[in-house]
Structures are given as C-alpha cells and as structure tokens.
Amino acid sequence: MLHQSLPSWTYTSEEYFCLEAEVLFKRSWQLVCHLNDIPDVGDYFTLPFLGQNIFVIKTKDGGVNGFHNVCRHRAARLLDGDQGNAKAGLVCPYHAWCYNLDGALTGVPRSHSLKDMDRSQYGLKPVEVEVWQGFIFIRMVNDGGPSVAEQFVECMRDIAPHQFENLQPLGRVTMRPRDVNWKQVADNYVDALHIPVAHPGLNSLFNGTYGVHIKGDVHIMYGDLETSVRDSVSGRAYKKFLPDGGHLPESLKRKWIYFRMWPNLAFDVYPDQVDFMQFIPISATQTMIREIPYALMDDRREMRAARYLNWRVNRQVNAEDTDLINRVQDGMASISYDQGPLSDEETLLIDSANRTRQQLPIVNEVVKPSRDTLLGLIEKEERYNKYGKSV
Ligand code: FES
Ligand SMILES: [Fe+2]
Numbered sequence: 000m001l002h003q004s005l006p007s008w009t010y011t012s013e014e015y016f017c018l019e020a021e022v023l024f025k026r027s028w029q030l031v032c033h034l035n036d037i038p039d040v041g042d043y044f045t046l047p048f049l050g051q052n053i054f055v056i057k058t059k060d061g062g063v064n065g066f067h068n069v070c071r072h073r074a075a076r077l078l079d080g081d082q083g084n085a086k087a088g089l090v091c092p093y094h095a096w097c098y099n100l101d102g103a104l105t106g107v108p109r110s111h112s113l114k115d116m117d118r119s120q121y122g123l124k125p126v127e128v129e130v131w132q133g134f135i136f137i138r139m140v141n142d143g144g145p146s147v148a149e150q151f152v153e154c155m156r157d158i159a160p161h162q163f164e165n166l167q168p169l170g171r172v173t174m175r176p177r178d179v180n181w182k183q184v185a186d187n188y189v190d191a192l193h194i195p196v197a198h199p200g201l202n203s204l205f206n207g208t209y210g211v212h213i214k215g216d217v218h219i220m221y222g223d224l225e226t227s228v229r230d231s232v233s234g235r236a237y238k239k240f241l242p243d244g245g246h247l248p249e250s251l252k253r254k255w256i257y258f259r260m261w262p263n264l265a266f267d268v269y270p271d272q273v274d275f276m277q278f279i280p281i282s283a284t285q286t287m288i289r290e291i292p293y294a295l296m297d298d299r300r301e302m303r304a305a306r307y308l309n310w311r312v313n314r315q316v317n318a319e320d321t322d323l324i325n326r327v328q329d330g331m332a333s334i335s336y337d338q339g340p341l342s343d344e345e346t347l348l349i350d351s352a353n354r355t356r357q358q359l360p361i362v363n364e365v366v367k368p369s370r371d372t373l374l375g376l377i378e379k380e381e382r383y384n385k386y387g388k389s390v
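Numbering (numbering that gives the first Met the number 0), first residue to last: 0 to 390.
As structure tokens, this is what we get:
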C-alpha cells in the first residue's frame, strides 16, 4: 500500500488549526522549563500557549504547582514576563486578591462586601503537572493520554546516562518565528531523507551514519560523530575539541540523538549539552520555535569550545531548514497540490500522519471540508475541553 501524506489543506486552514489546538495541543503535555530554572521557593516560569496563560511555581515543600495565570475575580492575568519570584504570594494587579503558592485564595480586600463567597471555591485553577527527569510539563486537559514518563520509558537506556535531572540552564532562550504551519517544522525535524541532500555539513558530521527509528511513542533520529574528509570547519573543530564525557558510556560519547515527543516537542541530546525545541503553534501559517539549552556543570575550556561549535553547526542547519520549510509551506498553498506519497523509508512521517488520522479522522478527507463542518467539530471539542464530558 502506498502511504500518503496529510492533505495540504491541513497546513493552511485556520479552522483546522483551531481544531488541532483543541484536540492535539490542549490535551498534550507541554514543557515549561526545568526544575533548575526555578530553584527557590516562589520562583515561577510562565508559558503562554494558544491563548492560554499557564505558570508553574516552586512551593514551600520543594514541589511544583501549575496554574492558569488567571485571577478568579475578573480574570486579570496575574503574573507577567517569562519568569520571576512570588515567594510572598501572588497579588492580582487589578483589585489585589491574594493567592498563596498552593493557589488558595488568601486575601480579598473589602471582603465584607462579598459575605456569601466561600473563599475555598475561588483558588487558582490548577493544571496537571508532571516532572520527568527534572523537566516540568503541564497538561491543560487530561483525556487519558499517557504520561511523559510512559512515553519515554523505552528510551531511558539512552537518556538516563545524560542525567537530565542535573542539567543547568545555559542562560539562553531562543525564540525563532517561522512563517509556516507547525507541522512543517515537526515534519522536517523527523524527515530522514533530506539530511544527505540538504545538510552537507550535518551529513559529513555523521559521515553517513544517520538513522531513524520509533521506540514506543517517541521518534528517534541519531548520528555518530565519525571522521569525514568533507567536514566543515566548525564540524571538524567540534569533533577535535569535544572532550571525553566521563559520565557517558562509550556508545553515547560521540553520538547525537534527537527525540521527538508527540506532537510538538523535541530533545536534542548531545554529549556536550541537551536542548529542547518546542514548536509553538501561533496560527495556521505561523510557528514560534522555542529553544532552551541545558548542560551539566563542566567548565573545561574544550567543553566550552565544543558547545560553541555545536551551536555554529546547528545555526547552519537551522538556516538550511528554514529555507526548506518555507518552500514546502508555499507549495501547500498551491492549487496544484493535494497530497504526496511517502516512501517506506519515511517511517516517522508515516507515523506522524497516522497519529493525526487517529486523533482527527477529518484529515482523511483529501478535499477540504466545508467551513461549517470544521466549525461544528471545533465547537464540540471546545465544549469538551472547557466543561468536560458531561456537556
Ligand atoms: S481581577 Fe484580580 S482582583 Fe480583580
Ligand atoms: Fe533539516
């Protein structure tokens, strides 16, 4: 059977984008930050995502809570900026309602005028939080999907030695806007066949050892750092300077591994650092790539050089990928294109398309459904996310 990609309308339709927001994104785990980004009591990190504002905060007992960043009085946003500290509690900037780090409503000015209000009913609305290997994830709606740990369970042999829980932020947050649908970025990330064609530097870095496979729920791409006569200047220098990662087994010391978690997260795991890339959907044709690098404490000069050279290699790869995804997004809008065949070697693209078909059967329609059909579906899913099964 010839496999087919998703139809092109799923990459351009604003209505379909809203449907994905409800079905794929509000019900999936989203990475906010690492425990070491919020080391102190009251430290918080915010995540604006698809019109929803969420934050996670370190509690007095060392745990992490996650809440909607929305006051229960008149819905004002409570916290601003990417991160900060609210050790003394959260005070709404509008009418000064106060909440503690557990989200309980602790103070209401002029409370005599709200005599009948039961304060215990007006704590901040929580979101589900999972801390996996030091990384903090939130999920807005639980529809029974697997935990992060369950999704990665088969990958732990390659992940555990990298000691994710000990990673420290390198202090760089990169936000890269792209004028493409989020699926272009995600598809391209797991597209195995373009590496030898479009990334000469990366290809020679791996000297042709690039491979892909699926473990449980996770897509995996990898390559070994083997000497190549065609290495770029940065690639050659990276291989030369990369010091021995004493904490890693031989098989991982000179291996780059990419893990893609459905739907929009990737961990780039290198011997010198680990970063996550989150493809934040903005609209049908806009995506923000949010990338934050982390590393184990290691101040050796050659390690610092390796990290810099890694960044240089990847900057080139990013520029090449940006050109590619723009080309594809343009093509998706063409009246000449509906969908295209996927080869048996494009296993991760086939799996991505199949997962989407399972969650959103409407994508089986090659011809774009009517606006009313899509609006009807959105309404149903919105209602489910907001009010639950009962409505
Ligand atoms: S909206 Fe927050 S106190 Fe009124
Ligand atoms: Fe690429």
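From the three backbone atoms N, C-alpha and C, an ideal C-beta is built for every residue, glycine too.
Within the structure, which residues are defined as neighbours of ligand 1 by a Cβ-heavy atom distance below 5 Å, reported in chain order? Cys70, His72, Arg73, Ala75, Cys91, Tyr93, His94, Trp96
Check whether the Cβ atoms of methionine 296 and proline 242 sit closer than 9 Å, and answer yes or no. no
Pull up the distance between the alpha-carbon of threonine 355 and that of phenylalanine 24, whole angstroms please. 12 Å
Alanine 305 and glutamine 167 closer than 9 Å at C-beta: no
Going by Cα to Cα distance, which pick from His2, Ser12, Thr11, Val22 is closest to proline 360? Val22
For the pair the stretch 144-162 and the stretch 42-53, tell me if three or more CB-CB distances fall below 8 Å. no
Between Ala283, Arg314, Leu123, which has its C-alpha nearest glutamate 290's C-alpha? Arg314
Along the chain, where does the beta strand (DSSP E) that runs through methionine 287 open and close? 285-294
Could you tell me how far apart the beta carbons of phenylalanine 66 and valine 152 are, in whole angstroms, since I believe they sit closer than 8 Å? So it is not a contact: roughly 28 Å between Cβ atoms.
DSSP-derived helix/strand/coil call for alanine 304: helix
Just to be sure I understand the criterion: a residue counts if its Cβ is closer than 7 Å to at least one heavy atom of ligand 2. Which residues meet that? Asn187, Asp190, His193, Ile194, Ala197, His198, Val316, Glu319, Asp320, Leu323
For tyrosine 43, count neighbouring Cβ atoms within 10 angstroms of its own Cβ and tell me buried if that reaches 16, exposed if not. buried
What do you get for glutamate 345, buried or exposed, if any count of 16 or more other CB atoms within 10 angstroms of its CB means buried? buried
Would DSSP call asparagine 263 helix, strand or coil? coil
Would you give the residue range spanned by the beta strand (DSSP E) that aspartate 157 belongs to? It is not in any beta strand (DSSP E) - aspartate 157 instead sits in the alpha helix (DSSP H) that spans 155-158.
Beta-bridge partners of leucine 400, as assigned by DSSP: Residue 400 cannot be examined here, being either before or after the span of the chain that is shown, 0 to 390.
Are lysine 124 and valine 69 touching if we call contact CB-CB under 9 Å? yes
Whose C-alpha, out of Gly80, Gly122, Met116, is nearest the C-alpha of cysteine 97? Gly122
Restricting to Cα atoms, I'd like to know which of Ser231, Val31, Thr226 is closest to valine 316. Ser231
Residues bridged to cysteine 32 by DSSP? Ile135
Boundaries (first-last residue) of the alpha helix (DSSP H) holding tyrosine 383: 370-386
So is histidine 33 buried or exposed if we call it buried at 16+ other beta carbons inside 10 Å? buried
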